[in-house]
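Asks:
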Amino acid sequence: YPDIKRGGPIHEFVQYLGADLTQKSCMTEEVALGCLLKAFQHRAARLLSDAAARIENLVRSGKSRQEAWDASTVALTWAAKAYCHTFVVRTFSQIVSDAAVDKSTKDVLTALCKLYAIDGIIENLGEFIEDGFFSPHQVSFLKNKLADLLAEIRPNAVALVDAFDYPDKTLDSCLGRYDGQVYPALYEYAKNSPFNEQEVLDSYHKFIKPAQTE
Amino acid sequence: MNPDLAQERRRATFDPEQVTSLLYRGPENVRKRRYLQNAAIQDQVLRGSKPWAFQSRVEQYETALQMFIYMMKKLDEMGVTDPLERMYYQEAGAPHYYNPMALHTGMFIPSIEKQGTKEQKERWLPMARSLQLIGTYAQTEMGHGTFIRGLETTASYDPSNQEFVLNSPTVTSMKFWPGGLGKTSNCCLVMAQLITQGKKRGIHLFFVQIRDLKTHRHMPGVESGDIGPKFGFNSNDNGYLKLSNVRIPRENMLMRYSKVLEDGTYVPPTNQRIGYGTMVFVRAHIVTNSARGLSKACVIAIRYSAVRRQTEVSPGGPEAQIIDYQTQQYKLFPLLATAYAMYFTGRYAEDYYEQIASEIEAGNLESLNQLHAVCAGLKAFSTWACTAGIETCRLCCGGHGYSHASGIPKLYTYYTPGCTYEGENNVMMLQVARFLMKI
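Chains as they are written, first to last, in this note's numbering: chain A, 5 to 218; chain B, 52 to 490.
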């Protein structure tokens, strides 16, 4: 973190952590992927800065560096999670944008990528609006886009899970069968229960019957 | 074919085959994957057993053992050596049975390959590959997990006969949890505090034979056994191990990076973290593994949501497919997106691991800390997302999701250990934080 603050050479994974934290979001109604990624980078940089500032304040107030660290682990965990979240959003968007697929496929994957990012923001909204990075107006863009994306993905949902290409045997599930014959499969499965090997279980004679005759 | 699912497939606006190719790195890999999966599915030997959930624990263990030994030999016969391709075959042959030899192939052999000397590799690897040696990786202790430096097991060097003496000095120091340690393995790599010339030298790996290679009975000073039933992984004999003055020759310490000379002189490694290589390797692959778990749950929940109908939308009308309810979409589609995100990130983590591992092999350790932090963070982030996501998928299947017939409880118990094995997730996140602060 001191290297970042000094503007020293740092690895590409963490370069964005040195960005200007006073900047506001570029988000518009279109909800561009670039603006979504910047939001994640801003959140990670800010939470890391918050954690570092907390440690420095504790050190200034007389605690040792280790004590200050130990008293800041919740803030540090928030920062680390935000960093990982950013890493995933960045990787997802990078792979989708580089993918050699036709336009209709790319559109579907881009919608998924945006949904992943927007859902990540909405589920952690406090961390994105605490410093006023998003305005209330921009948050409403995100909420509207979320609903639009759910509708957009809906017709492709089954095809998107088919694309994982798991044979039925691998899933080992009556509900997830490729042919959708869920209810006959549940019936067949139930018949495997050892309870069904006898019409009347021994336990009936041992426990239920005596209780009925007492 | 259920008409609703058939209709869903007709209305898709893209070609799923292109996405499959993207996920599995090209059509050639997809073809190989399907070939291997079909070979396993068609194999009569792998068909016979009764459904998993109706088996006792011993039956689950024996079924898994029989299937995985059969599959290992079959894969060797077919000349399949790539670990991913082997996994595809095994995944289709014995779905969600945890392989009692998973640590043998996944950690024991790779650790010797990466941390053994040339002589050690020549001595142990051929025996390990032919199952003369069946090994595991005994790191975790009953009272000590992620904080490896806190391990209590000791390996004291005795220069008079050039042997290490291994001990579990307390109950908390007993090795506890390693997969396959209880009944399957006859040897293991033990992580222990090295003591030589009266000084503690930090934790190191030692090859310890725990059972006789002919009778499978315990070696002198060794006590081990199964730790009992768990939340999942019950086809695996996770075990405990107590060592009482177990003597092993000096050559049994893995000495590629650090060494103990005949007189007891300690030669330290160039980087203290080099010994964590196996763990980093496993963490890099946990990300894709998490994606696999979450994506399977999504397949089940989304297909079922297209088949299941519930409640008339307008009075007297037909019951709606539950996938048409926005609340169901809001629960499932972000998880579907997460599964894709994790697949792609896992691919990145594996490539990054391979890249840095090559640099390490060439003696360049500059990026080791970076790799360590990235893999730790992504491991935690992906396993949390996977576990929480599978639970949501279960809820999306209503009452049937609670039945083992849905396949979801087994997925949950199979994947959720990822949150605690190979490093508890909060600890992982603090390692990321330390990396960020240091860099």
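Note that beta-carbon positions come from the ideal geometry of N, C-alpha and C, so glycine has one too.
1. Using a Cβ-Cβ cutoff of 9 Å, what residues of the region 136-165 of chain A are near chain B? List them in chain order.
2. Find the residues of chain B that neighbour residue 196 (chain A), judging by a C-beta separation of less than 8 Å, and give them in chain order.
3. Would you say residue 184 (chain B) and residue 150 (chain B) are within 8 Å of each other, going by their C-beta atoms?
4. Leaving out the 5 sequence neighbours to the left and right, which residues in its chain are closer than 8 Å to residue 90 (chain A) when beta-carbon positions are compared?
5. What are the residues that DSSP puts in a beta bridge with residue 491 (chain B)?
6. Compile a chain-ordered list of the residues in the region 442-453 of chain B whose CB is closer than 9 Å to at least one CB of chain A.
7. Anything in chain A within Cβ reach of residue 341 (chain B), meaning under 9 Å, just list it in chain order.
8. Give the single residue among B:481, B:120 and B:88 whose Cα lies nearest to the Cα of residue 430 (chain B).
9. For chain A, check one thing: does any of its Cβ atoms lie closer than 8 Å to the Cβ of residue 206 (chain B)?
10. Out of B:211, B:79 and B:272, which has the shortest C-alpha to C-alpha gap to residue 225 (chain B)?
11. Could you tell me the distance, in whole angstroms, from the CA atom of residue 158 (chain B) to the CA atom of residue 333 (chain B)?
12. Residues of chain B with CB under 7 Å from residue 185 (chain A), in chain order?
13. With distance defined between alpha-carbon atoms, name the residue in B:364, B:363 and B:372 nearest to residue 353 (chain B).
14. Does DSSP classify residue 69 (chain B) as helix, strand or coil?
15. Any C-beta of chain A sitting closer than 8 Å to the C-beta of residue 142 (chain B)?
16. Take the Cβ of residue 194 (chain A) as the centre, count every other Cβ of all protein chains shown within 10 Å, and call the residue buried at 16 or more, exposed below.
17. Does the beta-carbon distance from residue 84 (chain A) to residue 428 (chain B) come in below 8 Å?
18. How about residue 269 (chain B): is its C-beta nearer than 8 Å to some C-beta of chain A?
19. To the nearest whole angstrom, what separates the beta carbons of residue 290 (chain B) and residue 279 (chain B), a pair I think is in contact under 8 Å?
20. For a quick check, are the C-beta atoms of residue 18 (chain A) and residue 145 (chain A) less than 8 Å apart?
21. Could you list which residues in chain C have their beta carbon closer than 7 Å to that of residue 178 (chain A), in chain order?
22. Verify whether the separation of the beta carbon atoms of residue 187 (chain B) and residue 154 (chain B) is less than 8 Å.
23. Note down, in chain order, each residue of its chain lying with its Cβ closer than 7 Å to the Cβ of residue 90 (chain B), except the 5 sequence neighbours on either side.
24. Determine the direct distance from the alpha carbon of residue 260 (chain B) to that of residue 250 (chain B), and round the result to whole angstroms.
25. Have a look at residue 181 (chain A) and residue 167 (chain A) and give me their C-alpha separation to the nearest angstrom.
26. Counting along the chain, where does the beta strand (DSSP E) carrying residue 81 (chain A) start and finish?
Replies: Considering the structure as presented:
1. 150, 151, 153, 154, 155, 157, 158, 159, 160, 161, 162, 163, 164 and 165
2. Simply 101, 102 and 105.
3. Against a cut-off of 8 Å, the Cβ pair of residue 150 (chain B) and residue 184 (chain B) comes out as no contact.
4. Hits under 8 Å: 20, 41, 44, 45, 47 and 48.
5. Outside the shown range of chain B, which is 52 to 490, sits residue 491 (chain B), and nothing can be said about it.
6. 448, 451 and 452
7. Correct list: empty, because the minimum Cβ distance to chain A is about 11 Å.
8. B:481
9. no
10. B:272
11. 8 Å
12. 53
13. B:372
14. Three-state DSSP puts residue 69 (chain B) in a helix.
15. yes
16. With fewer than 16 other Cβ atoms within 10 Å, it is exposed.
17. yes
18. no
19. Not a contact, Cβ separation roughly 10 Å.
20. no
21. In summary, chain C is missing from the structure at hand, where the protein chains are A and B.
22. Yes; because the gap between Cβ atoms is below 8 Å, this pair is in contact.
23. 140
24. 25 Å
25. C-alpha separation (whole angstroms): 14 Å.
26. No beta strand (DSSP E) contains residue 81 (chain A), which is instead part of the alpha helix (DSSP H) from 77-102.
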